[in-house]
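One structure is given below, encoded as structure tokens.
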Amino acid sequence: MVPPHGEGYDAVFDYEGRTGYEPISDTDRKEFHEQGFMLLRNVLTEDHRAALEEAVDRVYAEEKAKGNTTKDGTLHLLGFLERDELFGELLTHPIAFPYMWGLAGWNIYTHHNHLDVTPPALEPEKPYWGWHQDGYRQNSDPETMDPNLPRPMFSLKVAYVLSDLSETGRGATKVIPGSHLWNSLPRPDDLTVHNPDPEGTVEITANPGDAFIFDRRQWHSRSTNLSTITRKMLFIGYTYRWIRPLDELHIDKDGEWWANRSPVQRQLCGEGTHTANYWGINWNGYIDDEIPLRKELKERGLLDRSVPWLR
Numbered sequence: 383m384v385p386p387h388g389e390g391y392d393a394v395f396d397y398e399g400r401t402g403y404e405p406i407s408d409t410d411r412k413e414f415h416e417q418g419f420m421l422l423r424n425v426l427t428e429d430h431r432a433a434l435e436e437a438v439d440r441v442y443a444e445e446k447a448k449g450n451t452t453k454d455g456t457l458h459l460l461g462f463l464e465r466d467e468l469f470g471e472l473l474t475h476p477i478a479f480p481y482m483w484g485l486a487g488w489n490i491y492t493h494h495n496h497l498d499v500t501p502p503a504l505e506p507e508k509p510y511w512g513w514h515q516d517g518y519r520q521n522s523d524p525e526t527m528d529p530n531l532p533r534p535m536f537s538l539k540v541a542y543v544l545s546d547l548s549e550t551g552r553g554a555t556k557v558i559p560g561s562h563l564w565n566s567l568p569r570p571d572d573l574t575v576h577n578p579d580p581e582g583t584v585e586i587t588a589n590p591g592d593a594f595i596f597d598r599r600q601w602h603s604r605s606t607n608l609s610t611i612t613r614k615m616l617f618i619g620y621t622y623r624w625i626r627p628l629d630e631l632h633i634d635k636d637g638e639w640w641a642n643r644s645p646v647q648r649q650l651c652g653e654g655t656h657t658a659n660y661w662g663i664n665w666n667g668y669i670d671d672e673i674p675l676r677k678e679l680k681e682r683g684l685l686d687r688s689v690p691w692l693r
């Protein structure tokens, strides 16, 4: 088990001294803003990936015993973080976390996270049109009447790949690079028949231990697992603290899991000192420098006034 307070990655899994506070490059930020997603190779060490897969298998067995999987064994479990110490530590993963604060800033938390296990399909693929943007009413309430003016990002996700998705047809996520800047996507007239994917579609083929990050506006779709391999994924979404949670976490604040969380991880789980704190300020209207992630970035000299969300 990873030792308490986020101190144990180098003790258990070798990340060569990475802390989660190494800033991303301008090149990576530019690519993400242009494409709406990025595939990150070798994010998890093999022993870390294997430990996470073991934890996923345990949770899957528990949920299956409760009858919470579909008839073909698929599990889409919301709010999974408190189910294992390793899941909690993923909030500040030393390679992935810099992309979260580097692209969204310090006033963030996880509002939406899910554990997915997708066994091979029991029958041939049926006609399905699953293309969507995340965010539900975030795609309607802040709508602009100008089709050339994209809506705000509001949130992004990191997806950790635990199984071998290096070939197509294994249930991987499909995306349309650059489509995060589109407010709409044309739908076929007849959804009862098989329709081709939209032009420019890319299926994110990834190796075990890879991860990808994507803007919630990115048009994306699930795909059917037509292989003999069970797809296993962990998704953690990050948004601004002034946005309400989508998934409910069932954290025992008196338990060991919560006691082991660092101040930054507790912020990422939704902790705040008062309502204005979620807006990044004290009641006097000035920035609250004691917000854990801001405090950490400030002490490390990582705030940057040229990047609005890092001011």
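Under this note's numbering, the first residue of the sequence shown is numbered 383, with each subsequent residue one higher. Built from N, CA and C at the ideal position, the CB exists for glycine as well.
By the 16-neighbour rule on beta-carbons within 10 angstroms, residue 549 is exposed.
Taken atom to atom, the span from the alpha-carbon of residue 399 to that of residue 579 is near 42 Å.
Secondary structure in the region 429-485: the beta strand (DSSP E) runs of 3 residues or longer, each lying completely within the stretch, are 457-460 in chain order. Contact annotation: the region 598-610 touches the region 505-516, with at least three C-beta pairs closer than 8 Å. Take residue 421, set aside five residues on each side of it, and the residues of its chain with a beta-carbon closer than 7 Å to its own are 586, 588, 592, 594, in chain order.
In terms of CA proximity to residue 611, 554 leads the group 554, 657, 643. Out of 668, 660, 666, the CA that lies nearest to the CA of residue 675 is found in 660.
Separation of residue 503 and residue 546 (C-alpha to C-alpha, rounded to the nearest whole angstrom) is 16 Å. Bridge pairing for residue 561: absent [DSSP]. Remark: C-beta atoms of residue 462 and residue 496 approach each other more closely than 8 Å. Checking the DSSP bridge columns, you'll see residue 621 partnered with 491, 537. Where residue 658 is concerned, there is no enclosing beta strand (DSSP E), because DSSP gives it neither an H nor an E.
By the C-beta density criterion, residue 508 is exposed, having fewer than 16 other C-beta atoms within 10 angstroms.
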